[in-house]
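Trainee: The listed protein sequences derive, respectively, from chains A and B.
Here this note's numbering is used: position 112 in the first sequence is 112, and no number is missing along the way.
Offset between the second sequence (1-based) and this note's numbering: plus 342.
In this text, a Cβ means the ideal position worked out from N, Cα and C, and glycines have one as well.
The structure displayed is predicted, hence computed values, not measured ones.
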Amino acid sequence: MLTLDGATVRFGRDRAHTALDGVDLTVAEHEVVCVLGPSGSGKSTLLRAVAGLQPLDAGRVLLEGRDQGAVPAHRRGVGLMFQDHQLFPQHDVGGNVAFGLRMHGVPRRERPARVARLLELVGLAGAERRAVATLSGGEQQRVALARALAPRPRLLMLDEPLGQLDRTLRERLVVELRELFAELGTTVLAVTHDQGEAFALADRVVVMRQGRVAQSGTPLEVWRRPADAFVARFLGFDNVIDATVTGEVADTAWGKLPVPAGTPSGGCRLLVRPAGVRLVPAAAGLACTVTARTFRGSHVALRLAPCDDGPRLDAACALRDAPETGAEVGVVFDGEDVVVLP
Amino acid sequence: MAVPAAFFAVFFAYPVAGIVARGLRAGGSWHVGWIGAVLTESGIGHVLWFTVWQALASTALTLLLALPAAYVFARLDFPGKRLLRALVTVPFVLPTVVAGSAFLALLGRGGLLDQLWGVRLDTTVWAILLAHVFFNYAVVVRTVGGLWAQLDPRQEEAARVLGASRRRAWRTVTLPALGPAVAAAALIVFLFTFTSFGIVQILGGPAHSTIEVEIYRQTAEVFDLPTAAVLTLLQLVAVGAILAVHARTVRRRERALHLVDAAGTARRPRGAAQWTLLGGVLATAGILLLLPLGVLVQRSLRTTDGYGLGYYRALASADGGAFLVPPIDAVANSLQYALAATAIALLVGGLAAAALSRRAGALLRGFDALLMLPLGVSAVTVGFGFLVTLDRPPLDLRSSWILVPLAQALVGAPFVVRTMLPVLRAVDDRLREAAAVLGASPLRAWREVDLPMVRRALLTAAGFAFAVSLGEFGATVFIARPDRPTLPVAVARLLGRAGDLNYGQAMALSVVLMVVCALALLLLERAGTENTGEF
Numbered sequence: 001m002l003t004l005d006g007a008t009v010r011f012g013r014d015r016a017h018t019a020l021d022g023v024d025l026t027v028a029e030h031e032v033v034c035v036l037g038p039s040g041s042g043k044s045t046l047l048r049a050v051a052g053l054q055p056l057d058a059g060r061v062l063l064e065g066r067d068q069g070a071v072p073a074h075r076r077g078v079g080l081m082f083q084d085h086q087l088f089p090q091h092d093v094g095g096n097v098a099f100g101l102r103m104h105g106v107p108r109r110e111r112p113a114r115v116a117r118l119l120e121l122v123g124l125a126g127a128e129r130r131a132v133a134t135l136s137g138g139e140q141q142r143v144a145l146a147r148a149l150a151p152r153p154r155l156l157m158l159d160e161p162l163g164q165l166d167r168t169l170r171e172r173l174v175v176e177l178r179e180l181f182a183e184l185g186t187t188v189l190a191v192t193h194d195q196g197e198a199f200a201l202a203d204r205v206v207v208m209r210q211g212r213v214a215q216s217g218t219p220l221e222v223w224r225r226p227a228d229a230f231v232a233r234f235l236g237f238d239n240v241i242d243a244t245v246t247g248e249v250a251d252t253a254w255g256k257l258p259v260p261a262g263t264p265s266g267g268c269r270l271l272v273r274p275a276g277v278r279l280v281p282a283a284a285g286l287a288c289t290v291t292a293r294t295f296r297g298s299h300v301a302l303r304l305a306p307c308d309d310g311p312r313l314d315a316a317c318a319l320r321d322a323p324e325t326g327a328e329v330g331v332v333f334d335g336e337d338v339v340v341l342p
Numbered sequence: 343m344a345v346p347a348a349f350f351a352v353f354f355a356y357p358v359a360g361i362v363a364r365g366l367r368a369g370g371s372w373h374v375g376w377i378g379a380v381l382t383e384s385g386i387g388h389v390l391w392f393t394v395w396q397a398l399a400s401t402a403l404t405l406l407l408a409l410p411a412a413y414v415f416a417r418l419d420f421p422g423k424r425l426l427r428a429l430v431t432v433p434f435v436l437p438t439v440v441a442g443s444a445f446l447a448l449l450g451r452g453g454l455l456d457q458l459w460g461v462r463l464d465t466t467v468w469a470i471l472l473a474h475v476f477f478n479y480a481v482v483v484r485t486v487g488g489l490w491a492q493l494d495p496r497q498e499e500a501a502r503v504l505g506a507s508r509r510r511a512w513r514t515v516t517l518p519a520l521g522p523a524v525a526a527a528a529l530i531v532f533l534f535t536f537t538s539f540g541i542v543q544i545l546g547g548p549a550h551s552t553i554e555v556e557i558y559r560q561t562a563e564v565f566d567l568p569t570a571a572v573l574t575l576l577q578l579v580a581v582g583a584i585l586a587v588h589a590r591t592v593r594r595r596e597r598a599l600h601l602v603d604a605a606g607t608a609r610r611p612r613g614a615a616q617w618t619l620l621g622g623v624l625a626t627a628g629i630l631l632l633l634p635l636g637v638l639v640q641r642s643l644r645t646t647d648g649y650g651l652g653y654y655r656a657l658a659s660a661d662g663g664a665f666l667v668p669p670i671d672a673v674a675n676s677l678q679y680a681l682a683a684t685a686i687a688l689l690v691g692g693l694a695a696a697a698l699s700r701r702a703g704a705l706l707r708g709f710d711a712l713l714m715l716p717l718g719v720s721a722v723t724v725g726f727g728f729l730v731t732l733d734r735p736p737l738d739l740r741s742s743w744i745l746v747p748l749a750q751a752l753v754g755a756p757f758v759v760r761t762m763l764p765v766l767r768a769v770d771d772r773l774r775e776a777a778a779v780l781g782a783s784p785l786r787a788w789r790e791v792d793l794p795m796v797r798r799a800l801l802t803a804a805g806f807a808f809a810v811s812l813g814e815f816g817a818t819v820f821i822a823r824p825d826r827p828t829l830p831v832a833v834a835r836l837l838g839r840a841g842d843l844n845y846g847q848a849m850a851l852s853v854v855l856m857v858v859c860a861l862a863l864l865l866l867e868r869a870g871t872e873n874t875g876e877f
């Protein structure tokens, strides 16, 4: 469906800043792909390049196998939902949704029915005559989505689709979007900086770093096996430590950690997921002081400082087992949650 | 870009250059030495000095009187505000001959002051200064007040919460934000008063003469073209310098300010101080702006045998002898010319604004400043230049009626650019992109996104261009055909003749012109735009 082949975009004086650096990416028919990355990693530029709003300095964009280099934005047949929606203030809700239909020459008499159906789809049935300025953030987002879907684009792109909404609304809309895309069979390329959003929405996640693809895979793969320390830290895992592997044991500043069989010997880095940091009596493991505890609903997140001044580490434990701040605990590591990073 | 550039080259640069060449070339060679000779003449030195100091004094007086009004219009809510704002703008687009005659009726021989207290101010500097305030009050009120109304009051509130007194908050938050707008307004007032013609001509008497009046005298009365050419060049240089300074302050103003919808920032006056300020501003506006207009109306109704519409009826007959046609025909002429001039100004100015909004760079900024030049260059020169340069092939327009609208459009186009540019610049580029992604071609995107958003600005610009062309005098007086006078030309011609009937008719015709201008402006206010552009 969509193929990016070494797509490169440079900005600035002498084109010194590289926003996209030889990005290769494919999106299959009916697939929902989410590009995840911190701000400035080139996510939005990627979408603008596919839409034809940003010319490439090198590489190609192919849609259904055809090079789009010479195709202007209005003929590419892709939809783009802008980060801040960019609804047309001079049109009402119906006028915004109908805009793409008018541009594509949909006959006047067919438009009202299609607009009504789209608004129903996004849960705003009957809102045609409302002024854009009277909409709440969530409603604007829905109108923007309906507007982008109206011309039935072959590829729908979403730029931080839920970025400006509050948390509860965001969590509800993620589910609704997922259902909607499954129902319509839409091919979707979305970008976001929020990993929760990406994992909830996507069939496949692409993590970007400074204009390059750092990792690509299903949400589960990426979550379980981050490709490197950057991806691990970006996903919120801070327990990353230098290690020297000998057999099935790695030597680290936190003592000896178990590693999966077959890990090549020598220097590497290890990620320990917080769930793999188990608390035992102080004498039975690495002695630590609890410096902070944060209630997270289903569990308690702990910040631990080893008594031998080693690097701090995060742990997750059940509510009833959680020690108080300042308590002395021991730590042992669970091999299941240790991931070897390059 | 090419169309406006060509327009200004052919209908502005070429005629002005033609006049200068005619003045400074004799026997096939240039006489640059004449410049020095003219400048060292003592009479000319006196004119230069007077031009500069009266412009400075007028600017200071206008700011003093109009800045409180800018505050009142921006921040206070009172009944009749819209109507009053339209009324204070009327003088700005009023022909100078009408303003001149209004002030003459107020301050001159047999005027209101003369009758009441035996005081006459005509031929004094005071008459000129007051008339200049009359004209430029609206520039300050609109430029500064427009921005003031859009400044977020919460900025000041934030300063107050952080411990600043009301005065301190104003000084540290509001004043710096307004500073560049005040500077820009002051420069424009300076520019207008620096090049003042009709006012000084009518009210100044023989003792007071600006460069512009001197150019007219040298051209039309003494036929000393070299002196006129030197003075034109001198004025061109001075105006160019003023505009360069103006362009700098405008660019500084473009830094980010937190602006809000002007509709929500005004409140009903509270406390003695605000009521006093409101009263003071209303009184000043009443005496300075409305009284002259009122006296004009009163004079037009006071016939030799009591009050009545006699002078208005006389406008419809041709026996007055001043014209080949009844004076009232000038209304139709003026409307027709003004409509054509508005169309030309919108086309030229709109294209220029579109080009300026899409691109940036030193060249375009220069072009931006150049577009303002016709506002400050002697209209007398332009009009006379049209006569001497556009009268032979390839461009023989001398007998064509289009000549008048062309000259008027030259004055109207800068207004169109100034009004449209900020709005066009404010259109978010991503709206155009959103349209493109939804399938709109670039042209279609312009029609669907830009046009609806600038529609109001376009209306405002059209109204201003219309009113300005309606009142244009300096150039039109040279090129309007005797059998097709415009309203200001007809007024001036009536004023120039002796007799109560002619004087009364002039007053009546002035009132007609004033009403037409006021109607155009009221329609603008109806269109609902709070901010009529930047100057």
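Among A:269, A:301 and A:104, which has the Cα closest to the Cα of residue 325 of chain A?
Mentor: The sequence position of residue 325 of chain A within the first sequence is 325, counting from 1. The option with the nearest alpha carbon to residue 325 of chain A is A:301.
Trainee: Given residue 486 of chain B, which residues of its chain have a CB within under 7 Å of its CB, disregarding the five upstream and five downstream residues?
Mentor: As a position in the second sequence, residue 486 of chain B is number 144, starting the count at 1. Cβ within range, chain order: 409, 412, 520, 523, 524 and 527.
Trainee: Whose Cβ in chain B lies nearer than 8 Å to the Cβ of residue 73 of chain A?
Mentor: On the first sequence, position 73 is the one that residue 73 of chain A refers to. Simply 775, 778 and 779.
Trainee: Count the other C-beta atoms from every protein chain shown that fall within 10 angstroms of the C-beta of residue 307 of chain A, then say buried if there are 16 or more, exposed otherwise.
Mentor: Your numbering for residue 307 of chain A matches position 307 in the first sequence. So residue 307 of chain A counts as exposed.
Trainee: Helix, strand or coil for residue 324 of chain A per DSSP?
Mentor: Position 324 of the first sequence, counting from 1, holds the residue named residue 324 of chain A. The answer is coil: DSSP assigns residue 324 of chain A none of H, G, I, E or B.
Trainee: Starting from the beta carbon of residue 151 of chain A, find every residue of chain B whose beta carbon is closer than 8 Å, and list them in chain order.
Mentor: Locating residue 151 of chain A in the first sequence gives position 151, counting from the first residue. Correct list: 780 and 781.
Trainee: Indicate the three-state DSSP secondary structure (helix, strand or coil) for residue 720 of chain B in the structure shown.
Mentor: The count along the second sequence starts at 1 and reaches residue 720 of chain B at position 378. Three-state DSSP puts residue 720 of chain B in coil, outside helix and strand.
Trainee: Tell me whether the beta-carbon of residue 259 of chain A lies closer than 8 Å to the beta-carbon of residue 245 of chain A.
Mentor: Walking along the first sequence from the start, residue 259 of chain A turns up at place 259. Walking along the first sequence from the start, residue 245 of chain A turns up at place 245. Yes.
Trainee: Between residue 342 of chain A and the rest of its own chain, which residues show a CB-CB distance below 8 Å, the 5 nearest in sequence each way excluded?
Mentor: As a working note, residue 342 of chain A is residue 342 in the first sequence. Excluding positions up to five away in sequence, the list reads 227, 228, 268 and 269.
Trainee: Could you compute how far the alpha carbon of residue 580 of chain B sits from the alpha carbon of residue 98 of chain A?
Mentor: As a first step, residue 580 of chain B must be located in the second sequence, where it is residue number 238. As a first step, residue 98 of chain A must be located in the first sequence, where it is residue number 98. Cα to Cα, the separation comes out at about 54 Å.
Trainee: For residue 770 of chain B, would you say it is in contact with chain A, using Cβ-to-Cβ distances shorter than 8 Å as the test?
Mentor: Translated into the one-based positions of the second sequence, residue 770 of chain B becomes position 428. It does; some Cβ of chain A falls within 8 Å.
Trainee: Using the beta-carbon count (16 or more within 10 Å), is residue 629 of chain B buried or exposed?
Mentor: Within the second sequence, residue 629 of chain B is the residue found at index 287, counting from 1. Its Cβ having fewer than 16 others within 10 Å, residue 629 of chain B is exposed.
Trainee: Determine, using beta carbons only, whether residue 763 of chain B and residue 821 of chain B come nearer to each other than 8 Å.
Mentor: Mapped onto the second sequence, residue 763 of chain B falls at position 421. Mapped onto the second sequence, residue 821 of chain B falls at position 479. Against a cut-off of 8 Å, the Cβ pair of residue 821 of chain B and residue 763 of chain B comes out as no contact.
Trainee: Work out the CA separation of residue 611 of chain B and residue 530 of chain B for me, nearest whole Å.
Mentor: Translated into the one-based positions of the second sequence, residue 530 of chain B becomes position 188. Translated into the one-based positions of the second sequence, residue 611 of chain B becomes position 269. Between the C-alpha atoms of residue 530 of chain B and residue 611 of chain B there is a straight-line separation of about 30 Å.
Trainee: So, at 6 Å on beta carbons, what are the nonlocal neighbours of residue 274 of chain A in its own chain, with the 5 sequence-adjacent residues on each side left out?
Mentor: The sequence position of residue 274 of chain A within the first sequence is 274, counting from 1. Around residue 274 of chain A: 314, 315 and 316.
Trainee: Would you kindly work out how many angstroms separate the C-alpha atoms of residue 10 of chain A and residue 50 of chain A, rounded to a whole number?
Mentor: Along the first sequence, read from residue 1 onward, the residue named residue 10 of chain A stands at position 10. Along the first sequence, read from residue 1 onward, the residue named residue 50 of chain A stands at position 50. Near 15 Å, if we compare the C-alpha coordinates of residue 50 of chain A and residue 10 of chain A.
Trainee: Going by the CB atoms, is the gap between residue 440 of chain B and residue 855 of chain B shorter than 8 Å?
Mentor: Here the question's residue 855 of chain B lines up with position 513 in the second sequence. Here the question's residue 440 of chain B lines up with position 98 in the second sequence. Closer than 8 Å, so yes.
Trainee: Among A:161, A:323, A:297 and A:165, which has the Cα closest to the Cα of residue 178 of chain A?
Mentor: Taking the first residue of the first sequence as position 1, residue 178 of chain A is located at position 178. It is A:161 whose Cα lies nearest to the Cα of residue 178 of chain A.
Trainee: What are the residues that DSSP puts in a beta bridge with residue 307 of chain A?
Mentor: To locate residue 307 of chain A, count along the first sequence from 1; it is residue 307. DSSP, once it has assigned bridges, lists no residue as partnering residue 307 of chain A.
Trainee: With burial defined as no fewer than 16 other Cβ atoms inside 10 Å of the residue's Cβ, what is the status of residue 41 of chain A: buried or exposed?
Mentor: Residue numbering aside, residue 41 of chain A sits at position 41 when the first sequence is read from its first letter. Around the beta-carbon of residue 41 of chain A, 16 or more other beta-carbon atoms lie within 10 Å, marking it buried.
Trainee: Contact between the region 385 to 398 of chain B and the region 534 to 543 of chain B: three or more CB pairs below 8 Å?
Mentor: yes
Trainee: Report yes or no: do three or more beta-carbon pairs, one from the region 743 to 755 of chain B and one from the region 847 to 861 of chain B, lie closer than 8 Å?
Mentor: no
Trainee: Beta-carbon of residue 51 of chain A versus every beta-carbon of chain B: anything under 8 Å?
Mentor: If you number the first sequence from 1, residue 51 of chain A lands on position 51. Chain B contact via Cβ: present.
Trainee: Under 8 Å, Cβ to Cβ, is there at least one residue of chain A near residue 791 of chain B?
Mentor: Indexing the second sequence from 1 puts residue 791 of chain B at position 449. At least one chain A Cβ lies under 8 Å of residue 791 of chain B.
Trainee: Let's test the definition: count the other Cβ atoms within 10 Å of the Cβ of residue 723 of chain B and tell me whether it reaches 16, buried, or not, exposed.
Mentor: By 1-based counting over the second sequence, the position of residue 723 of chain B is 381. Residue 723 of chain B comes out buried.
Trainee: Determine whether the Cβ of residue 100 of chain A lies closer than 8 Å to any Cβ atom of chain B.
Mentor: Residue 100 of chain A sits at position 100 when you count from the first residue of the first sequence. True, the Cβ-Cβ gap to chain B drops below 8 Å.
Trainee: Quick check: what's the CA-CA separation for residue 322 of chain A versus residue 280 of chain A?
Mentor: For the purposes of this step, residue 322 of chain A is taken as the residue at position 322 of the first sequence. For the purposes of this step, residue 280 of chain A is taken as the residue at position 280 of the first sequence. Between residue 322 of chain A and residue 280 of chain A, the C-alpha separation is close to 11 Å.
Trainee: Counting beta carbon pairs with one atom in the region 182 to 202 of chain A and one in the region 16 to 34 of chain A, are three or more of them shorter than 8 Å?
Mentor: yes
Trainee: Can you pull the chain A neighbours of residue 798 of chain B, defined as C-beta to C-beta under 8 Å?
Mentor: For the purposes of this step, residue 798 of chain B is taken as the residue at position 456 of the second sequence. Neighbours of residue 798 of chain B on chain A: none; closest Cβ ~11 Å, over 8 Å.
Trainee: Based on Cα-Cα distance, which residue from B:709, B:727, B:672 and B:864 lies nearest to residue 832 of chain B?
Mentor: By one-based count along the second sequence, residue 832 of chain B stands at place 490. The option with the nearest alpha carbon to residue 832 of chain B is B:672.
Trainee: Which class does residue 258 of chain A belong to by DSSP, given the choice of helix, strand or coil?
Mentor: Residue mapping note: residue 258 of chain A aligns to position 258 of the first sequence, counting from 1. Strand at residue 258 of chain A.
Trainee: Among the candidates B:352, B:424 and B:617, whose CA atom is the shortest distance from the CA of residue 483 of chain B?
Mentor: Here residue 483 of chain B corresponds to residue number 141 of the second sequence, with the count starting at 1. Among B:352, B:424 and B:617, the Cα nearest to that of residue 483 of chain B belongs to B:424.
Trainee: Can you tell me whether residue 7 of chain A is helix, strand or coil according to DSSP?
Mentor: For the purposes of this step, residue 7 of chain A is identified with residue 7 of the first sequence, where counting begins at 1. In the structure shown, residue 7 of chain A sits in a strand (DSSP, three-state: E or B).
Trainee: For residue 795 of chain B, which beta-bridge partners are listed by DSSP?
Mentor: The sequence position of residue 795 of chain B within the second sequence is 453, counting from 1. Answer is none; residue 795 of chain B lacks a bridge partner.
Trainee: Exposed or buried, what is residue 39 of chain A when buried is set at 16 or more other beta-carbons lying within 10 Å of its beta-carbon?
Mentor: Along the first sequence, read from residue 1 onward, the residue named residue 39 of chain A stands at position 39. When all chains shown are included, residue 39 of chain A counts as exposed.
Trainee: When we look at the beta-carbon of residue 875 of chain B and count the other beta-carbons within 10 Å, is it buried (16 or more) or exposed?
Mentor: Indexing the second sequence from 1 puts residue 875 of chain B at position 533. Below a pLDDT of 50, predicted positions are generally treated as unreliable, and residue 875 of chain B, at 44, falls in that range; no measurement from the model is reported.
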